[in-house]
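One structure is given below, encoded as structure tokens.
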Amino acid sequence: MWFPEEYQVSHENREDYGVNNDSYESWWAVYNEEVEGKKQANYIKTEFLTSNPADESIHVEALFKRRFGLSVPNKIENSQTRIYYQSAYIYFKGTEKHVIVDKKKHIPNTYLAHVADKRSNKILQISFDSSDKYKCSDEEKKQDWFLKMLKNIHFNEGK
């Protein structure tokens, strides 16, 4: 998997990394950058899981419905993987979650993907969250960056 070099895997909390034999692994990475004079934290969370491929559509629908309130994400397919992804601007008013999927209304601050290996029961779920908003000109670069990461995921055969 191509991984952005400026990100560092977090080691601060016990929740930053978790593993359970060969069926589950989760970790967080963070990158702090300066945007318009303010320090902004950007997070990548990955979860490696195994799942029954026959249940893929159910898991994908539930994942994107839970996070974004929609059940049909974008999809890219190549010879080795199926990639489902979506982005949105997410904010909270008190405890109420608000999601804006329309990029014309607001630039996304959250990207989410479900990547399934076509040769096995392995999946990788990746989310990217920024703690602040980006300028309009940055949105296309961020989406291209996220898609580059997704398209460069290669699952090891037999491991």
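Letter 95 of the sequence shown, counting from 1, is numbered 94 in numbering that gives the first Met the number 0, and no numbers are missing.
Heads up, the beta-carbon is just placed ideally off N, CA and C, and yes, glycines get one too.
Computed from a predicted structure; not experimentally measured.
query                                                                                                            : result
Burial state of V59, where buried means 16 or more other Cβ atoms lie within 10 Å                                : buried
First through last residue of the alpha helix (DSSP H) which encompasses K64                                     : E55 to F67
Endpoints, the beta strand (DSSP E) within which S25 is located                                                  : Y23 to V34
Option in N31, H105 and G17 with minimal Cα separation from S25                                                  : G17
Stretch-stretch touch, CB-based, cutoff 8 angstroms, three pairs: the segment 84 to 98 with the segment 36 to 50 : no
Limits of the unbroken beta strand (DSSP E) element including R81                                                : T80 to K92
Continuous beta strand (DSSP E) stretch holding N51: start and end                                               : Careful: N51 lies outside any beta strand (DSSP E) and carries neither H nor E.
Buried or exposed by the 16-neighbour rule on C-beta atoms within 10 Å, applied to D116                          : buried
DSSP state of K198 mapped onto helix, strand, coil                                                               : A query on residue 198 cannot be resolved here, the shown segment of the chain reaching from 0 to 158 and no further.
Same chain, Cβ closer than 8 angstroms to Y23, five either side skipped, listed in chain order                   : G17, E46, F47, L48 and T49
Beta-ladder partner(s) of N41, from DSSP                                                                         : Y30 and S129
Nearest residue (CA-CA) to I125, options M148, T80 and V71                                                       : M148
F145 and L123 closer than 9 angstroms at C-beta                                                                  : no
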